[in-house]
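*Asks:*
Protein chains: 2
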Amino acid sequence: MNDLAKAIDETPMAKARLRLWLKLLKTTNHIESRLRENLRTEFDTTLPRFDVMSALSRHRDGLKMSQLSGVLKVSNGNVTGIVDRLVDDGFVARSPVPGDRRAWRVHLTPNGMAEFERQAIVHVRWVDDLLTGISSDDAEKIMADLDSVTAPASSFDGAVNKSLEKETT
Amino acid sequence: MNDLAKAIDETPMAKARLRLWLKLLKTTNHIESRLRENLRTEFDTTLPRFDVMSALSRHRDGLKMSQLSGVLKVSNGNVTGIVDRLVDDGFVARSPVPGDRRAWRVHLTPNGMAEFERQAIVHVRWVDDLLTGISSDDAEKIMADLDSVTAPASSFDGAVNKSLEKETT
DNA sequence: TACTAAATTTTTAAGCTTGAAATATCTTTC
DNA sequence: GAAAGATATTTCAAGCTTAAAAATTTAGTA
Chain A
88 MNDLAKAIDE
98 TPMAKARLRL
108 WLKLLKTTNH
118 IESRLRENLR
128 TEFDTTLPRF
138 DVMSALSRHR
148 DGLKMSQLSG
158 VLKVSNGNVT
168 GIVDRLVDDG
178 FVARSPVPGD
188 RRAWRVHLTP
198 NGMAEFERQA
208 IVHVRWVDDL
218 LTGISSDDAE
228 KIMADLDSVT
238 APASSFDGAV
248 NKSLEKETT
Chain B
88 MNDLAKAIDE
98 TPMAKARLRL
108 WLKLLKTTNH
118 IESRLRENLR
128 TEFDTTLPRF
138 DVMSALSRHR
148 DGLKMSQLSG
158 VLKVSNGNVT
168 GIVDRLVDDG
178 FVARSPVPGD
188 RRAWRVHLTP
198 NGMAEFERQA
208 IVHVRWVDDL
218 LTGISSDDAE
228 KIMADLDSVT
238 APASSFDGAV
248 NKSLEKETT
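Chains as they are written, first to last, in this note's numbering: chain A, 88 to 256; chain B, 88 to 256.
Written out as structure tokens, the structure is:
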């Protein structure tokens with residue numbers, strides 16, 4: 088296929104998708120910066136700190152550092168600094184893992200749990216307010232559409248993948 | 088309204104919106120990290136650098152530093168470092184603004200234009216591939232829904248705002 | 001046992017990001 | 001024209017982020 092044919096073929100869809108990408112970026116940046124600002128002014132914390140505490144609140148028994156970075160989908164080294172600061176603040180503690188002196192189990196302290204509860208309640212409200220213009224039905228539709236983007240083997244059709252799953256497992 | 092009534096009233100919608108927010112975050116993070124990785128391995132550059140060059144390519148006459156940070160919606164001080172490095176690489180140049188010795192006009196060099204063209208062509212393709220699962224119609228619907236989020240006076244109904252516009256302008 | 005490979009975490013270097021403070025330069029006002 | 005205020009940019013401190021290297025410990029194997 089030559090350049091011209093390629094351009095004709097790709098342009099309409101590719102342009103719509105590029106616009107969608109820029110819109111997604113604009114929207115999440117907007118929400119994110121509002122949440123960051125709220126967390127800073129209301130609770131003197133940051134989004135990464137909130138994310139770490141949120142993950143730990145969903146795992147009351149704690150997580151190893153590598154599990155934590157896996158859950159949060161951020162690099163290993165990244166979590167170290169954030170946890171360090173949360174430990175300094177008394178919201179998080181590191182305990183040794185019996186039988187493995189390499190690993191640490193990271194968990195919320197009672198104080199950290201209380202603080203996170205406080206933050207989470209307001210956080211839900213912030214998100215609710217920021218997305219007021221979107222109905223439940225719209226939300227469901229958008230989420231369904233976006234599933235294809237983060238699907239494991241992207242750039243393939245969902246139906247094809249589903250049929251493959253049966254054969255390859 | 089007491090706490091219980093509040094909870095009953097808010098929970099269903101608020102939960103759907105919270106899930107949507109997490110989905111939006113997951114999706115953009117996914118796309119963003121792919122693009123970052125591609126830019127790094129293919130062009131040895133970063134997303135912020137690409138964004139700056141993209142903005143400058145849309146403004147061939149250049150932009151003042153404050154205009155640039157305004158267009159990109161990032162802080163003033165942030166742009167300084169990114170432009171510094173692009174200047175070091177010869178992709179961007181600063182020219183004095185006649186009549187205002189405080190300001191600089193920042194613009195792409197010929198080399199910078201050529202480099203950005205090279206990057207932009209592939210970038211469109213990357214985004215197209217990442218969003219393959221989404222049709223033009225889906226994209227339009229999603230973009231329309233998301234308009235309400237970043238609308239100037241959010242947390243208000245669109246129809247209300249439209250009626251207000253007529254009166255207040 | 002000694003050697004090698006794998007796993008877990010931290011450290012490091014480079015860059016991005018923000019808000020606030022500092023500089024330098026206009027512009028307005030008295 | 002000098003003081004006061006506004007504007008444009010940079011500098012700074014703190015924190016986030018990644019990839020890669022280093023340090024430590026565990027597990028497997030000859």
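Virtual Cβ for every residue (Gly too), placed ideally from N, Cα, C.
(1) Looking only at C-alpha atoms, which of D187(A), A231(A) and I221(A) sits nearest to S275(B)?
(2) With DSSP as the reference, label V161(A) as helix, strand or coil.
(3) Just curious, the alpha helix (DSSP H) that S141(A) is in, first and last residue?
(4) Taking the C-alpha atoms as reference points, what is the distance between T132(B) and V209(B)?
(5) Applying the criterion that 16 or more other CB atoms from any shown protein chain within 10 Å of the CB defines a buried residue, is L173(B) buried or exposed?
(6) Would a C-beta distance cut-off of 8 angstroms place L159(A) and A142(A) closer than the cut-off?
(7) Between the alpha carbons of P197(B) and L105(A), how many angstroms are there, rounded?
(8) For A201(B), does the count of other Cβ atoms within 10 angstroms reach 16, so buried, or fall short, so exposed?
(9) List the residues of chain A that M230(B) touches, going by C-beta distances under 8 angstroms, in chain order.
(10) At least one CB of chain B closer than 8 angstroms to the CB of P135(A): is that the case?
(11) Quick one: grab the DSSP three-state call for A238(A).
(12) Note the first and the last residue of the continuous beta strand (DSSP E) segment covering L195(A).
(13) Could you tell me the boundaries of the beta strand (DSSP E) in which R147(A) lies?
(14) Determine the contact status of V170(A) and V139(A), defining contact as a CB-CB distance below 8 angstroms.
(15) Report the neighbours of V214(A) on chain B: residues whose CB is nearer than 7 angstroms to its CB, in chain order.
(16) Starting from the beta carbon of S235(B), find every residue of chain A whose beta carbon is closer than 8 angstroms, and list them in chain order.
(17) Report yes if the C-beta distance between L134(A) and L150(A) is below 8 angstroms; otherwise report no.
(18) Can you list, in chain order, the residues of its chain with a C-beta nearer than 8 angstroms to that of V166(A)? Leave out the 5 residues immediately preceding and following it.
(19) So M140(B) contacts chain A; which residues on that side make the cut at Cβ distance below 7 angstroms?
(20) Does DSSP classify S41(B) as helix, strand or coil?
(21) Whose Cβ in chain A lies nearer than 8 angstroms to the Cβ of A201(B)?
(22) Alpha carbon to alpha carbon, what distance is there between T115(A) and L112(B)?
(23) For N116(A), return the contacting residues in chain B, with the cut-off set at a CB-CB distance below 8 angstroms.
(24) Check each candidate in E119(B), L218(B), D234(B) and G164(B) and name the one with the smallest Cα separation from K102(A).
(25) Below 8 angstroms between beta carbons: does that hold for F203(A) and S144(A)?
(26) Looking only at its chain, what residues have a beta carbon closer than 8 angstroms to the beta carbon of G164(B), apart from the 5 residues adjacent to it on each side?
(27) Less than 8 angstroms between the CB atoms is what I'm expecting for P183(A) and W191(A), so what's the real figure, rounded?
(28) With a cut-off of 8 angstroms, does the C-beta of M100(B) fall near any C-beta of chain A?
(29) Where does I221(A) fall in DSSP's three states?
(30) Apply the 10 Å Cβ neighbour rule to D187(B) and answer buried if 16 or more other Cβ atoms are within range, or exposed otherwise.
(31) Can you say whether S162(A) is buried or exposed, counting buried as having 16 or more other CB atoms within 10 angstroms of its CB?
(32) According to the Cβ coordinates, are I229(A) and I229(B) closer than 8 angstroms?
(33) Is the Cβ of V211(A) closer than 8 angstroms to any Cβ of chain B?
(34) Which residues of chain B have a Cβ atom closer than 9 angstroms to the Cβ of A207(A), listed in chain order?
*Replies:* Concretely, from the data shown:
(1) Residue coverage of chain B in this structure runs from 88 to 256, which leaves residue 275(B) outside it and unanswerable.
(2) coil
(3) L134 to S144
(4) 13 angstroms
(5) buried
(6) Against a cut-off of 8 angstroms, the Cβ pair of A142(A) and L159(A) comes out as a contact.
(7) Just so you know, the alpha carbons of P197(B) and L105(A) end up roughly 25 angstroms apart.
(8) exposed
(9) R106, L107 and K110
(10) No - not a single Cβ of chain B is within 8 angstroms of the one on P135(A).
(11) coil
(12) From DSSP, the beta strand (DSSP E) with L195(A) extends over D187 to L195.
(13) Unbroken run through R147(A): none, as it is neither H nor E.
(14) Closer than 8 angstroms, so yes.
(15) What V214(A) touches in chain B: R104, L105 and W108.
(16) T219, G220 and I221
(17) Not closer than 8 angstroms, so no.
(18) Around V166(A), the same chain offers V139, M152, L155, S156 and L159 as residues with beta carbons nearer than 8 angstroms, after the five sequence neighbours per side are excluded.
(19) Ordered by position in chain A, no residue passes the 7 angstroms Cβ test against M140(B), which lies about 15 angstroms from the chain.
(20) The structure shown has nothing for residue 41(B), since chain B only spans 88 to 256.
(21) Residues of chain A passing the Cβ test: none, with the nearest at roughly 17 angstroms.
(22) 6 angstroms
(23) K160
(24) L218(B)
(25) yes
(26) Beyond the five residues adjoining it in sequence on each side, G164(B) comes within less than 8 angstroms, by CB distance, of no other residue in the same chain.
(27) 7 angstroms
(28) yes
(29) In the three-state DSSP reduction, I221(A) falls in the coil class, being neither helix nor strand.
(30) Exposed is the call here.
(31) exposed
(32) yes
(33) Chain B contact via Cβ: present.
(34) Here the premise fails: no neighbours, minimum Cβ distance about 10 angstroms.
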